[in-house]
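To start, the structure under review is shown below, and the notes come after it.
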Amino acid sequence: MMYKHGGKLISVYWFFIIFIVAAGIIYMVLSFYNKPYDVRNMEVELLIVKISDCLSYGGYLNDSLINSGGHFSEEFKENFEKICSLNFSVEDFSNWKENDQFYLKIDLFNFDIIGEKIDSFEQGDRGLTTFCDLEGEYLPVCSKRSFYALDKNNTKYQIEILSIIKKTEKNA
Amino acid sequence: MLNLKRFFKIKRDGQTGETLTWFIATVIIISILLIFIFISNAGGYIQDFMGKELDYSVMSKVRLMDTPNSKSFYAYTLTKDPEGKKIFKELSDSKNFNEFTGSLAKEIFNETLIGENYPYTWAGIFSRNAYPNSLKANAFFGVLSNSDSNKCDRDSIYLSNGVYFVRVFCS
Numbered sequence: 007m008m009y010k011h012g013g014k015l016i017s018v019y020w021f022f023i024i025f026i027v028a029a030g031i032i033y034m035v036l037s038f039y040n041k042p043y044d045v046r047n048m049e050v051e052l053l054i055v056k057i058s059d060c061l062s063y064g065g066y067l068n069d070s071l072i073n074s075g076g077h078f079s080e081e082f083k084e085n086f087e088k089i090c091s092l093n094f095s096v097e098d099f100s101n102w103k104e105n106d107q108f109y110l111k112i113d114l115f116n117f118d119i120i121g122e123k124i125d126s127f128e129q130g131d132r133g134l135t136t137f138c139d140l141e142g143e144y145l146p147v148c149s150k151r152s153f154y155a156l157d158k159n160n161t162k163y164q165i166e167i168l169s170i171i172k173k174t175e176k177n178a
Numbered sequence: 639m640l641n642l643k644r645f646f647k648i649k650r651d652g653q654t655g656e657t658l659t660w661f662i663a664t665v666i667i668i669s670i671l672l673i674f675i676f677i678s679n680a681g682g683y684i685q686d687f688m689g690k691e692l693d694y695s696v697m698s699k700v701r702l703m704d705t706p707n708s709k710s711f712y713a714y715t716l717t718k719d720p721e722g723k724k725i726f727k728e729l730s731d732s733k734n735f736n737e738f739t740g741s742l743a744k745e746i747f748n749e750t751l752i753g754e755n756y757p758y759t760w761a762g763i764f765s766r767n768a769y770p771n772s773l774k775a776n777a778f779f780g781v782l783s784n785s786d787s788n789k790c791d792r793d794s795i796y797l798s799n800g801v802y803f804v805r806v807f808c809s
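Residue numbers (this note's numbering), protein chains in the order written: chain A, 7 to 178; chain B, 639 to 809.
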């Protein structure tokens with residue numbers, strides 16, 4: 007009788023241990039994968055890559071998007087997302103749908119005359135630019151890149167792309 | 639006849655020993671569990687302890703695909719000089735910079751245009767046949783002085799007869 011009683015106790019003990027170990031593993035997995043992966047640095051760079059590919063391909067500017075005078079075409083301004091295969095829609099989280107989480111600015115400069123801006127195009131929340139000069143952990147991520155471009159008439163341009171992604175609520 | 643007093647004494651000793659064994663085993667199991675919980679919790683903060691950001695492999699691939707930078711390079715080679723000759727053709731023929739091609743390269747491949755990530759840039763001619771002096775010094779970029787492959791990326795375009803136009807940009 008004593009032995010049987012001990013056996014039951016040991017079974018209860020084993021169930022207890024199994025439960026503790028299982029709970030520990032679940033906790034470990036949750037705590038490890040719950041940490042947010044902040045990929046916004048990559049996201050802004052990829053956005054710039056996509057836009058630069060859209061504007062210039064094969065060494066020349068896309069003349070259907072930028073006309074010979076160096077101005078963005080109306081079609082480009084109206085259907086920018088569709089033309090460049092971009093999608094700025096975000097998930098319904100913390101009023102993201104109401105507040106833009108992106109900002110994009112494309113400036114077209116005359117390469118031969120330093121500082122002469124020919125045209126500019128922007129989309130998204132301009133207010134995000136105020137955070138670019140600040141230093142801190144929970145701020146929008148900004149990236150600005152420039153490149154040299156050429157149209158078919160051998161006119162030289164400098165294209166500057168500023169890309170900003172907010173999404174601070176999920177990456178704080 | 640069974641000596642009950644002795645039997646229970648032995649039994650008690652055995653039970654105490656076994657209980658102690660299980661107790662220590664439990665402590666060991668829980669300790670190991672706690673160590674793993676601590677490690678998995680600390681995983682996200684390792685970058686803080688190390689004082690640097692985690693280098694995701696995807697991130698390094700993105701850096702290698704520096705599209706805007708490459709676009710500048712290829713647009714440069716397609717630019718026509720005042721006589722209407724493309725720089726690519728001019729470099730293929732002369733295998734060196736002239737005043738126009740060199741000055742334009744200097745203007746395009748500078749820090750302002752390619753970004754502050756790359757404070758050092760070199761552009762010039764690489765000749766496969768001229769080993770060990772494959773990289774030719776030129777009047778505009780001098781000698782390639784920093785080509786640490788861990789910190790530098792490069793773009794190149796084949797000109798002719800084992801000669802390439804190369805640009806090296808380093809962080």
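Built from N, CA and C at the ideal position, the CB exists for glycine as well.
Since residue i sits in a beta bridge, which residues does DSSP pair it with?
i                      : result
residue 730 of chain B : In the DSSP output, where bridge partners are listed per residue, residue 730 of chain B has none listed.
residue 155 of chain A : A:163
residue 791 of chain B : B:807
residue 798 of chain B : B:801
residue 142 of chain A : The partner list for residue 142 of chain A (beta bridge, DSSP) is empty, contrary to what the question assumes.
residue 676 of chain B : In the DSSP output, where bridge partners are listed per residue, residue 676 of chain B has none listed.
residue 60 of chain A  : For residue 60 of chain A, which the question treats as bridged, DSSP gives no partner whatsoever.
residue 97 of chain A  : According to DSSP, residue 97 of chain A bridges with nothing at all.
residue 147 of chain A : A:171
residue 125 of chain A : A:114
residue 765 of chain B : B:801
residue 658 of chain B : Paired residue(s): none; residue 658 of chain B is not in a bridge.
residue 85 of chain A  : Looking at the DSSP assignment, residue 85 of chain A forms no beta bridge with any residue, so it has no partner.
residue 723 of chain B : BP columns for residue 723 of chain B are empty, so no partner.
residue 760 of chain B : B:806
residue 718 of chain B : B:724
residue 78 of chain A  : A:72
residue 39 of chain A  : In the DSSP output, where bridge partners are listed per residue, residue 39 of chain A has none listed.
residue 776 of chain B : B:780
residue 108 of chain A : A:171
residue 65 of chain A  : None, per the DSSP bridge assignment.
Restricting to Cα atoms, I'd like to know which of the options is closest to residue i.
i                      : options                       : result
residue 105 of chain A : A:27, A:32, A:171 and A:21    : A:171
residue 53 of chain A  : A:45, A:169, A:173 and A:176  : A:169
residue 661 of chain B : A:34, A:25 and A:16           : A:16
residue 61 of chain A  : A:46, A:47, A:49 and A:79     : A:79
residue 142 of chain A : A:25, A:177 and A:89          : A:177
residue 46 of chain A  : A:26, A:64, A:111 and A:147   : A:147
residue 56 of chain A  : B:762, B:668, B:800 and B:709 : B:709
residue 27 of chain A  : B:668, B:680, B:722 and B:761 : B:668
residue 704 of chain B : B:799, B:792, B:797 and B:780 : B:792
residue 102 of chain A : A:23, A:173, A:22 and A:25    : A:173
residue 150 of chain A : A:31, A:44, A:130 and A:51    : A:51
residue 35 of chain A  : B:663, B:797, B:676 and B:659 : B:676
residue 706 of chain B : A:84, A:91, A:73 and A:63     : A:63
residue 790 of chain B : B:756, B:769 and B:801        : B:756
residue 83 of chain A  : A:25, A:130 and A:33          : A:130
residue 809 of chain B : B:680, B:748 and B:666        : B:748
residue 671 of chain B : A:33, A:19, A:132 and A:93    : A:33
Quick one: residues in its chain with C-beta nearer than 6 Å to the C-beta of residue i, no 5 flanking neighbours on either side, listed in chain order?
i                      : result
residue 735 of chain B : 776 and 778
residue 740 of chain B : 778
residue 111 of chain A : 128 and 168
residue 760 of chain B : 779, 782 and 806
residue 138 of chain A : 148
residue 711 of chain B : 793 and 805
residue 798 of chain B : 730
residue 774 of chain B : 762 and 763
residue 49 of chain A  : 171
residue 155 of chain A : 62, 67, 163 and 165
In chain order, what residues of the same chain have a beta carbon less than 7 Å from the beta carbon of residue i, not counting five sequence neighbours either side?
i                      : result
residue 153 of chain A : 58 and 165
residue 772 of chain B : 764, 765 and 766
residue 90 of chain A  : 56, 57 and 60
residue 699 of chain B : Unreliable placement is indicated for residue 699 of chain B, whose pLDDT of 49 sits below 50; the coordinate value is still reported in the next sentence. Cβ neighbours of residue 699 of chain B beyond the five flanking positions: none.
Using a Cβ-Cβ cutoff of less than 8 Å, which residues in the same chain neighbour residue i once the five nearest sequence positions on both sides are dropped?
i                      : result
residue 69 of chain A  : 157 and 158
residue 76 of chain A  : 114, 116, 124, 125, 157, 161 and 163
residue 99 of chain A  : 175 and 176
residue 715 of chain B : 724, 725, 726, 729, 795 and 803
residue 720 of chain B : 738
residue 73 of chain A  : 79
Below 8 Å on the Cβ atoms is my contact criterion, and I expect residue i with residue j to pass it. Report the Cβ-Cβ distance as a whole number of Å.
i                      : j                      : result
residue 109 of chain A : residue 134 of chain A : 4 Å
residue 37 of chain A  : residue 678 of chain B : 6 Å
residue 742 of chain B : residue 717 of chain B : 7 Å
residue 801 of chain B : residue 733 of chain B : 6 Å
residue 30 of chain A  : residue 713 of chain B : Residue 30 of chain A to residue 713 of chain B, Cβ: 58 Å. No contact.
residue 664 of chain B : residue 23 of chain A  : 7 Å
Between the segment 708-719 of chain B and chain A, which residues of the former have a C-beta closer than 9 Å to a C-beta of the latter?
Listed in sequence order: 708, 709, 710, 711, 712, 713, 714, 715, 716, 717 and 718.
Relative to chain A, which residues along the segment 654-671 of chain B have a C-beta separation below 8 Å, given in chain order?
Listed in sequence order: 660, 664, 667, 668 and 671.
Between the segment 33-47 of chain A and chain B, which residues of the former have a C-beta closer than 7 Å to a C-beta of the latter?
Along the segment 33-47 of chain A, going in chain order, the ones with a CB nearer than 7 Å to a CB of chain B are 33, 34, 37, 38 and 41.
Using a Cβ cut-off of 8 Å, which residues of the segment 90-113 of chain A contact any Cβ in chain B, in chain order?
Within the segment 90-113 of chain A, no residue has a Cβ that lies closer than 8 Å to any Cβ of chain B.
Residues within the segment 717-737 of chain B neighbouring chain A, beta-carbon criterion of under 7 Å
Taking 7 Å as the Cβ-Cβ cut-off against chain A, the residues of the segment 717-737 of chain B that qualify are 717 and 718.
Residues in the segment 786-805 of chain B having any Cβ partner in chain A nearer than 9 Å
Within the segment 786-805 of chain B, no residue has a Cβ that lies closer than 9 Å to any Cβ of chain A.
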